[in-house]
Amino acid sequence: MTDASIDRVNRFRAEAASQGLPAEEVEEWIRVARPAVYVAEGGNGPLAARVGGDPELPHGVPRPSEPFVASVDLAALPPGGAGLPLPADGRLLLFSGTDVDGIGRQVSDAVLYVPAGTPTTPTPLAHSRREPYQARELRTVWHQPSAQMPESFALDRWGDIPEDEQFELADELSDAWARVGGHRPPWTLQIGGHPASPQNDPVHDARGPEETGPSDHRGTAQGEDADDWALLATWRCGDDVTELDSGVAHWVVRRRDVAAGRFDRVHLYVEMA
1 MTDASIDRVN RFRAEAASQG LPAEEVEEWI RVARPAVYVA EGGNGPLAAR
51 VGGDPELPHG VPRPSEPFVA SVDLAALPPG GAGLPLPADG RLLLFSGTDV
101 DGIGRQVSDA VLYVPAGTPT TPTPLAHSRR EPYQARELRT VWHQPSAQMP
151 ESFALDRWGD IPEDEQFELA DELSDAWARV GGHRPPWTLQ IGGHPASPQN
201 DPVHDARGPE ETGPSDHRGT AQGEDADDWA LLATWRCGDD VTELDSGVAH
251 WVVRRRDVAA GRFDRVHLYV EMA
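Residue numbers for the sequence shown follow UniProt numbering, so the first one is 1 and each next one is one higher.
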């Protein structure tokens with residue numbers, strides 16, 4: 001953690017204690033927080049990501065089946081900032097349409113990793129569904145812990161059917177976290193961390209029944225693969241995507257697949273408020 005993140009965690013402990021929240025649950029909230037990088041427009045820093053326009057594809061790569069969303073310069077991200085075993089450099093290309101699919105689907109070409117130094121060519125993608133997304137440069141980067149959504153925390157902590165009091169406690173922990181600056185900054189792309197979803201948690205949805213496994217005495221999933229699923233990235237579509245109301249696209253992946261460079265196993269989720 002950065003010094004700023006450590007300070008935020010300490011202030012969260014103090015805020016939660018002042019509200020009489022159980023220390024054990026406070027520490028669990030901190031334990032399950034994950035590093036995340038948030039990228040936005042504005043600023044005069046290096047170009048961290050580019051949204052919209054035409055992608056720069058390596059020579060000979062088949063054209064992806066989904067519209068181009070963004071190109072992320074991995075070298076511009078803080079080392080380890082996303083909490084994922086991502087390459088240290090090169091670019092991550094993200095692709096997604098705007099067809100809402102509440103259950104998500106595996107899309108083999110929704111993410112493409114382009115190693116540094118790979119020859120590429122700007123490649124217009126012809127999609128009957130829409131024109132390219134508006135081109136934007138993202139030069140502002142934040143790095144801070146990302147907390148779970150309260151409902152997701154409650155489900156992981158207390159099982160499939162938490163009691164009302166447990167949902168309320170999760171909301172109180174979330175409020176205390178926000179009061180000490182734990183809320184997400186303004187952002188267009190999020191890399192790593194926990195999802196911010198207007199509907200269902202896509203990381204939870206990606207877990208199959210065989211990965212959820214039995215629960216321990218607290219109801220926490222014990223399947224050996226349950227914690228392997230992680231958020232790779234989220235894109236907030238914004239007002240430029242008029243067919244979605246507060247739309248977001250999530251790319252969800254197993255950590256072991258990231259480590260192995262198997263981005264062809266990513267699951268894509270598109271939803272709106």
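Glycine included, each C-beta is placed from N, C-alpha and C at the ideal position.
Task: N-terminal and C-terminal residue of the beta strand (DSSP E) that I191 is part of - done: L189 to G192
- [ ] Check V100 in the structure and name its three-state DSSP category.
- [x] coil
Task: Nearest-angstrom beta carbon gap, R179 and E15 [assumed within contact, 8 Å] - done: A Cβ-Cβ separation of about 6 Å places E15 in contact with R179 under the 8 Å criterion.
Open item on the list: Short of 8 Å in beta carbon distance, which residues of its chain neighbour D109, apart from the five on each side in sequence? Order them along the chain.
Closed with: P62, P64, S65, E66, F95 and D264
Open item on the list: Report the CB separation of P162 from L155 in whole angstroms; it is logged as a contact under 8 Å.
Closed with: 7 Å
Open item on the list: Let me make sure I understand the geometry here. Which of V69, Q148, L112 and G182 has the alpha-carbon closest to that of E131?
Closed with: Taking only the C-alpha atoms, the option nearest E131 is V69.
TODO: To the nearest angstrom, report how far apart E56 and T140 are at their CA atoms.
DONE: Straight-line Cα distance between these residues: approximately 22 Å.
- [ ] Evaluate T188 with the Cβ neighbour count: other Cβ atoms within 10 Å of its Cβ, from every protein chain shown; 16 or more gives buried, anything less gives exposed.
- [x] Under this definition T188 is a buried residue.
- [ ] Output the boundary residues of the beta strand (DSSP E) element that contains P35.
- [x] R34 to A40
TODO: Have a look at A116 and W142 and give me their C-alpha separation to the nearest angstrom.
DONE: 23 Å
- [ ] Counting only runs of 4+ residues fully inside the stretch 101-181, write out the alpha helix (DSSP H) ranges in chain order.
- [x] Listed in chain order, the complete alpha helix (DSSP H) runs (minimum 4 residues) inside the stretch 101-181 are 150-158 and 164-179.
Open item on the list: Checking 9 Å against the spacing of the C-beta atoms, do V270 and P195 come in under that value?
Closed with: no
- [ ] Sort out for me which residues DSSP pairs P198 with in a bridge.
- [x] Answer by DSSP bridge pairing: none, since P198 is not bridged.
TODO: Would you identify the three-state DSSP class for L244, choosing helix, strand or coil?
DONE: Look at L244 here: in three-state DSSP terms it is coil, with no helix or strand label.
Task: Those residues which DSSP pairs with F12 across a bridge - done: F12 is not bridged by DSSP to any residue.
TODO: Buried or exposed for G20, please, with buried defined as at least 16 other CB atoms from any protein chain shown within 10 angstroms of its CB.
DONE: exposed
- [ ] Determine the extent of the alpha helix (DSSP H) in which A259 is found, giving its start and end residues.
- [x] First-last of the alpha helix (DSSP H) with A259: R255 to A259.
Task: Nearest-angstrom Cα separation, counted from D160 out to residue 322 - done: The displayed coordinates of the chain run from 1 to 273. Any statement about residue 322 would go beyond what the structure contains.
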